[in-house]
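Working notes for the structure below.
Residue numbers (the numbering used here): 3 to 258.
The structure is reproduced here in structure tokens:
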């Protein structure tokens, strides 16, 4: 006899998500997220990302149901048949980016990102950046509003809005996408292997300060940013059959 998984429910602060969370807790019971076999997240993509960050390193699967606005990472909401849906769900495993930043004071900080690492100009002056891949300079000077490094899971988010490529979920690739590039004007970015180590250096940092952001964690006045995939961490999302994350990414390329 198959053991019924222990569940934890997390929800966003909206009335809709809170009502859904209370109803599901009453119906299916719950334990703490750290003790659960599966965590059920009720909200939008922001809640899914925050839940993945909260449980990072545990390998604990998260099944999201949309009680938010976008819900690209979420399943459709229903109170009925949850245990059966969880039993039939397909796994999507992704790895986060690891960002190391050095600021103007020489302080080094780390942060993980599931969608993207972004570098933005901090003032009215466009950013000037040098780009090196695996220790070799590839672009001596990019003048732009910024640049981002996106994972396949994040390639349909801000990266797509910046005209970056959509990457299949299982592709061992990263998207390096400029944000409003001015020079070189025709450079549209690069697709890199996910083994790449990316170095972004702020040029004229006193005159043209930049920020670095890993998902929702921001560092100001940074001098250099190193980005690579952290293959030691598995992030597991569960999706209903036919609605897996790789299927959604494929549909996105055809306007679905």
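Ideal placement from N, C-alpha and C gives every residue a C-beta, glycine not left out.
Here the structure is a predicted model, which is why all the values come from computation and not from measurement.
Could you tell me which whole alpha helix (DSSP H) segments of length 4 or greater appear in the region 155-214? 160-163
Are the region 24-44 and the region 96-106 touching by the rule of at least three beta carbon pairs closer than 8 Å? no
Under the DSSP definition of a beta bridge, which residues are partnered with residue 114? 100
Inside the region 25-111 only - alpha helix (DSSP H) runs reaching at least 4 residues: 47-56, 84-90
Where the alpha helix (DSSP H) containing residue 251 begins and where it ends: 247-254
Taking only beta-carbon positions, decide if residue 99 is within less than 9 Å of chain C. You won't find chain C in this structure, because it holds only one protein chain.
8 Å contact criterion, which residue 133 and residue 140 should meet: CB distance rounded: 5 Å
Just to confirm the assignment, what range does the beta strand (DSSP E) spanning residue 139 have? 138-152
Taking the straight line between their C-alpha atoms, what separation do you get for residue 12 and residue 96? 21 Å
Between which two residues does the beta strand (DSSP E) holding residue 130 run? 129-135
If you reduce the DSSP assignment to three classes, tell me which class residue 235 lands in. coil
Contacts around residue 196, its chain only, beta-carbon distance under 7 Å, and the 5 residues preceding and following it disregarded: 174, 175, 176, 231
Can you have a look at residue 241 and say buried or exposed, based on whether 16 or more other CB atoms are within 10 angstroms of its CB? buried
Buried or exposed: residue 65, going by 16 or more other Cβ atoms within 10 Å of its Cβ? buried
Report yes if the CB atom of residue 118 is closer than 9 Å to the CB atom of residue 217, and no otherwise. yes
State the DSSP-derived secondary structure class of residue 20, mapped to helix, strand or coil. helix
Can you have a look at residue 114 and say buried or exposed, based on whether 16 or more other CB atoms are within 10 angstroms of its CB? buried
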